[in-house]
Ligand code: SF4
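In the numbering used here, the protein residues as written are 7 to 300.
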């Protein structure tokens, strides 16, 4: 069994190696600041919330320079993608956004940007701008979809529907922008059967790239309280590998799969404690997939 993996695909997009450098550009999130809700998604760790006015944060340029210094030791010829990862990286006015993205792109050896955001935080003027930017640089817009089930989205206090995700992804794709999505398997109320029901719905979205994560219960989250009061089932490694194999078999062959797990810092993670690094999990998964005919 094969899938189109992000690592191979990204190597084909550039004549050199590229590495993402994560940036915290000081954005907030409408699901945190009271615009939609002040609680945030139940799985999201409020303790990591750093308000935009927090001036202890390093500049975008400095964060990229530090990131480059870290990787350049090993690979002097490496180029970089600035990954606007923390919180909602389109949640500001367009002039501010342009300044931030262009600051990142002005750093030497930064050859593109990846913008992580919510599907309810994308506007026509921003898409107009990104469409033009995309003509001369590499751009990926990545949306948190999390689930295709509106009941689940409500239960995790996501603050948007699946239809909202579909519309944002459609509009982004229509602009010729590379479009990514992020989903979580094992959210409260969703068993393996429900995830498999959703797989074709996710696959039917005009996404280029998909990231899949297992649900993790993180300290300081609403989900952690829910879990303490009434523990719910979290996948074991074997159960999750079984599910991923079945899930991937229901996805389009041309969908690029970027990751299958996330690995939260051990001191923040309540459960499940798999004790595996991302690459160790992926190796286990690939090993299992090898034995499954295409
Ligand atoms: S997961 Fe994203 S959208 Fe949800 S509260 Fe956290 S930062 Fe906001």
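C-beta: ideal position from N, C-alpha, C; glycine also.
Is the distance from the Cβ of residue 7 to the Cβ of residue 295 below 7 Å? yes
As assigned by DSSP and simplified to three states, the class of residue 264: Residue 264 falls in the strand class under three-state DSSP.
Identity of the residue in 137, 227, 78 and 145 nearest residue 90 by Cα: For residue 90, the nearest C-alpha among the options comes from 145.
What is the rounded straight-line gap between the Cα of residue 153 and the Cα of residue 21? In a straight line, the C-alpha of residue 153 is about 35 Å away from that of residue 21.
For residue 181, the nearest candidate out of 140, 111 and 274 (CA to CA): 140
Report the start-end ranges of each alpha helix (DSSP H) in the region 122-208 that is 4 residues or longer and not cut off at the edges. The region 122-208 contains these whole alpha helix (DSSP H) runs: 130-142, 156-161 and 168-180.
Element boundaries [beta strand (DSSP E), containing residue 42]: Counted as a single uninterrupted DSSP element, the stretch harbouring residue 42 is not any beta strand (DSSP E), since DSSP gives it neither H nor E.
For residue 25, the residue or residues it bridges with in DSSP: 86
How many angstroms separate the CA atom of residue 59 from the CA atom of residue 99? Unreliable placement is indicated for residue 59, whose pLDDT of 38 sits below 50; the coordinate value is still reported in the next sentence. Cα to Cα, residue 59 sits roughly 16 Å from residue 99.
Compute the Euclidean distance between the alpha carbons of residue 234 and residue 159, then round it to the nearest angstrom. 21 Å
Using only alpha-carbon positions, find the residue among 280, 263 and 259 that is nearest to residue 269. 280
Whole beta strand (DSSP E) elements within the region 241-292, 3-residue minimum: 262-265 and 275-277
With distances taken from CA atoms, which of 78, 133, 126 and 84 is nearest residue 104? Ranking the options by Cα distance to residue 104, first place goes to 133.
Look at the Cβ atom of residue 262, then the Cβ atom of residue 211, and state whether they are nearer than 7 Å. no
Run through the DSSP bridge pairs and tell me what residue 120 is partnered with. 89 and 146
Three Cβ pairs or more, each shorter than 8 Å: is that satisfied between the region 240-247 and the region 278-293? yes
Would you mind giving the Cβ-Cβ distance between residue 149 and residue 186, rounded to the nearest angstrom? I have them listed as a contact below 8 Å. 7 Å between Cβ atoms; contact.
Unbroken beta strand (DSSP E) run spanning residue 219, endpoints: 215-220
Specify the secondary structure class of residue 105 as computed by DSSP and reduced to three states. helix
What three-state label does DSSP hand residue 100 in the structure shown? helix
Quick one: Cα of residue 163 to Cα of residue 215, how far? Those two C-alpha atoms are separated by around 25 Å.
Does residue 217 pass the burial test, meaning 16 or more other C-beta atoms within 10 Å, or should it be called exposed? Label assigned to residue 217: buried.
Which residues in the same chain as residue 250 place their Cβ atom closer than 8 Å to its Cβ, once the five residues preceding and following it in sequence are excluded? 191, 218, 266 and 291
If you measure from the CB of residue 168, is any heavy atom of the ligand SF4 nearer than 6 Å? For the ligand SF4, not one heavy atom lies less than 6 Å from the Cβ of residue 168.
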